[in-house]
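Protein chains in written order, with our numbering: chain F, 1 to 577; chain R, 1001 to 1040.
One structure below.
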């Protein structure tokens, strides 16, 4: 990496931290610190919601997924706009009217303390771990890039986020996210332009799309219904709807973003605008990955995209065997390149039969390279059974470092860091909100009646929230150490979320729509539902997107059964629709 | 912070805005379905 790249990266990181500290000044009570005094306009809310969801994991892993698996991951987001409509119409007015700080606070008003505490606890565990993955992704870049110690890299990156998040709270988070999204769009927009310019001479964008499509990389929509298929139209629309409903409606890292709105209308519009722009944004990121695939069809890719593992192999006990595999892979890639050129030529000439033969030839060549890659992975595993054998997360990074010009590398890395910081800051702010409001204020704090006691309590609450931000930052950094043992990061986060999202969503749906169900019934149902979800994860092949449906419907169904056949105490109607 | 159930920050009503978001989704799915088949 050149001096210019380093300068751009350092300037972006320093600028983000300084801007966050500066914009976050002047919060003297919990409303200012956790909800930015509820003064945000809808464009800021939309950007904040998008920046919170789109972490560095999104930008590192998604292009790699498109490279390996095509664009079908896009369908995961098909349920999101529908969830935005439902939440804008139902949850937003309730949260605003009750003036809650956290989503879980509402559950006590509707049910009881134990239900609020259960939901808040599930959130803290899941989001605390997810925050660790959010820090880990860009830390991985630096450790691979510079050979830095991963632990120290995690620590440095986490500390930067903690500085401005602990200092300025929600204001710092919201305003820095605007700056971060600007850097992200600039970085990835430029990368896409350069990728398209990096295609071999004579290969147009249309040629690239034809080749990618024939190789199954532009499979954005698949209507086949298969419960074990991870991404298809139905799992995306139904499972994705439940995921989005739960994530945006009950996860404090998102609820906290639109609770900063100055009115119901501003919060609603912020959510709905997100529902309109999210899918095109994901399409662009996936398309970028598909184009990286086409680029490597015409320029020999490494046999394995993780340079650390490759270097270990070249210096290890199986160096000769690995060199032989690399040599075979290079030759097979050359054949694949020829087949790709034949396909482009046949397509341009409009010769259907020749095109069909070329497609078949290219697919066979691709299958050949996959077999050799599998040999390489087997050798890596043989050399070290604990080695990372998934290189999906390195595909895009490898391309950026090897093929983008000086300056653009720094800009793309700054975008990846900005994405990581935007998500982590919102997560830490949400973890801090839940810790201070749902635990400290609820169970620990005692406010006196003497003059000035309320103001003193407000200052103390801000102090506790700052302490909680630092604690969760440290927790996330600690968990980040284990993230390297997981496979594709984005899927790990989604699977982790799906283990608890369905249950939490079920609790909230019962709260919003089933007035007759009380706290004890929903609490017992939540425990049953969580057991059912864990059983699905451990003992079935059902795609993880369906866990959300299982968890949610179990809570709703079991709580209704308990209410119908049990002796449940009358439910509180406060805050139900 | 206002708790009045006011209209959207620009022209129109909430049902209209919900319909626009829904139709946008339908249009995107149609577009990406065409995209998938066009390059299949």
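For each residue, glycine too, the CB sits at the ideal point set by N, CA and C.
Amino acids of chain F, ordered along the chain, whose beta-carbon sits closer than 9 angstroms to that of residue i
i: residue 1007 of chain R; result: 265
i: residue 946 of chain R; result: In the structure as shown, chain R begins at 1001 and stops at 1040. Residue 946 of chain R is therefore absent and cannot be evaluated.
Contacts around residue i, its chain only, beta-carbon distance under 6 angstroms, and the 5 residues preceding and following it disregarded
i: residue 347 of chain F; result: 210 and 355
i: residue 184 of chain F; result: 415, 418 and 419
i: residue 473 of chain F; result: 158, 162 and 428
i: residue 1001 of chain R; result: Only weak support exists for where residue 1001 of chain R lies, its pLDDT of 49 falling under 50; the value from the coordinates is given anyway. Excluding sequence neighbours, residue 1001 of chain R sits near nothing in its chain.
i: residue 464 of chain F; result: 436 and 440
i: residue 298 of chain F; result: 200 and 337
i: residue 114 of chain F; result: 523
Amino acids of chain R, ordered along the chain, whose beta-carbon sits closer than 8 angstroms to that of residue i
i: residue 78 of chain F; result: 1025 and 1029
i: residue 297 of chain F; result: The contacting residues do not exist; residue 297 of chain F stays about 15 angstroms from chain R at best.
i: residue 209 of chain F; result: 1039
i: residue 89 of chain F; result: 1014 and 1018
i: residue 212 of chain F; result: 1039
i: residue 81 of chain F; result: 1021, 1022, 1024 and 1025
i: residue 406 of chain F; result: Under the 8 angstroms cutoff, chain R gives no residues; its nearest Cβ is about 34 angstroms from residue 406 of chain F.
i: residue 562 of chain F; result: Under the 8 angstroms cutoff, chain R gives no residues; its nearest Cβ is about 34 angstroms from residue 562 of chain F.
Beta-carbon proximity list for residue i, same chain, < 8 angstroms, skipping 5 on both sides
i: residue 460 of chain F; result: 445
i: residue 323 of chain F; result: 314
i: residue 548 of chain F; result: 239, 242, 243, 246, 498, 501, 502 and 505
Nearest-angstrom Cα separation, counted from residue j out to residue i
i: residue 478 of chain F; j: residue 1027 of chain R; result: 44 angstroms
i: residue 206 of chain F; j: residue 282 of chain F; result: 20 angstroms
i: residue 118 of chain F; j: residue 68 of chain F; result: 39 angstroms
i: residue 153 of chain F; j: residue 295 of chain F; result: 31 angstroms
i: residue 17 of chain F; j: residue 173 of chain F; result: 10 angstroms
i: residue 276 of chain F; j: residue 533 of chain F; result: 31 angstroms
i: residue 426 of chain F; j: residue 36 of chain F; result: 13 angstroms
i: residue 187 of chain F; j: residue 12 of chain F; result: 11 angstroms
i: residue 116 of chain F; j: residue 128 of chain F; result: 18 angstroms
i: residue 63 of chain F; j: residue 191 of chain F; result: 12 angstroms
i: residue 480 of chain F; j: residue 432 of chain F; result: 18 angstroms
i: residue 195 of chain F; j: residue 311 of chain F; result: 26 angstroms
i: residue 1032 of chain R; j: residue 257 of chain F; result: 30 angstroms
i: residue 359 of chain F; j: residue 339 of chain F; result: 8 angstroms
i: residue 573 of chain F; j: residue 518 of chain F; result: Note that residue 573 of chain F scores 48 on pLDDT, short of 50, meaning its location in the model is unreliable; the coordinates nonetheless yield the value given after this. One C-alpha to the other measures close to 9 angstroms.
i: residue 1016 of chain R; j: residue 267 of chain F; result: 17 angstroms
i: residue 1038 of chain R; j: residue 93 of chain F; result: 43 angstroms
i: residue 621 of chain F; j: residue 255 of chain F; result: Past the edges of chain F, shown from 1 to 577, lies residue 621 of chain F, and the structure says nothing about it.
i: residue 176 of chain F; j: residue 52 of chain F; result: 11 angstroms
i: residue 401 of chain F; j: residue 144 of chain F; result: 11 angstroms
i: residue 632 of chain F; j: residue 259 of chain F; result: In this structure chain F extends from 1 to 577, so residue 632 of chain F is not present and cannot be described.
i: residue 509 of chain F; j: residue 83 of chain F; result: 12 angstroms
i: residue 514 of chain F; j: residue 475 of chain F; result: 37 angstroms
i: residue 579 of chain F; j: residue 361 of chain F; result: Residue 579 of chain F falls outside the range modelled here, since chain F spans only 1 to 577, and no answer is possible.
i: residue 10 of chain F; j: residue 2 of chain F; result: 12 angstroms
i: residue 1007 of chain R; j: residue 264 of chain F; result: 9 angstroms
i: residue 544 of chain F; j: residue 220 of chain F; result: 19 angstroms
Own chain partners of residue i with C-beta closer than 7 angstroms, once the 5 adjacent residues on each side are dropped
i: residue 4 of chain F; result: 406, 407 and 410
i: residue 39 of chain F; result: 262
i: residue 292 of chain F; result: 63, 67, 195, 395, 396 and 399
i: residue 566 of chain F; result: 521
i: residue 171 of chain F; result: 23, 24, 27 and 36
i: residue 434 of chain F; result: 102, 104, 120, 123, 124 and 252
Under 7 angstroms from the C-beta of residue i: neighbouring residues of chain R
i: residue 291 of chain F; result: Within 7 angstroms Cβ-Cβ: nothing; residue 291 of chain F doesn't reach chain R, min ~13 angstroms.
i: residue 340 of chain F; result: The premise fails here: residue 340 of chain F is roughly 14 angstroms from chain R at the closest Cβ pair, so nothing lies under 7 angstroms.
i: residue 74 of chain F; result: 1032
i: residue 272 of chain F; result: 1017 and 1021
i: residue 85 of chain F; result: 1018, 1021 and 1022
i: residue 279 of chain F; result: 1028
i: residue 275 of chain F; result: 1021
Listed by chain order, chain R residues near residue i by CB distance under 9 angstroms
i: residue 269 of chain F; result: 1008, 1009, 1010 and 1017
i: residue 151 of chain F; result: Per Cβ cutoff of 9 angstroms: no residues; residue 151 of chain F is ~42 angstroms from chain R at best.
* Residues of the stretch 219 to 253 of chain F whose Cβ lies closer than 9 angstroms to any Cβ of chain R, in chain order -> 219, 220, 221, 222, 223, 233 and 237
* To do: Below 7 angstroms between beta carbons is the criterion; list the residues of the stretch 37 to 67 of chain F that meet it against any residue of chain A, in chain order.
  => Going by chain labels, chain A is absent from the structure shown, which instead holds the protein chains F and R.
* Quick one, which residues of the stretch 457 to 478 of chain F are near chain R if we go by CB-CB under 8 angstroms, in chain order? -> none
* **Entirely enclosed beta strand (DSSP E) segments - the stretch 213 to 288 of chain F, minimum 3 residues** => none
* At which residue ranges does the stretch 449 to 510 of chain F contain complete alpha helix (DSSP H) runs of 4 or more residues, listed in the order of the chain? -> 453 to 480
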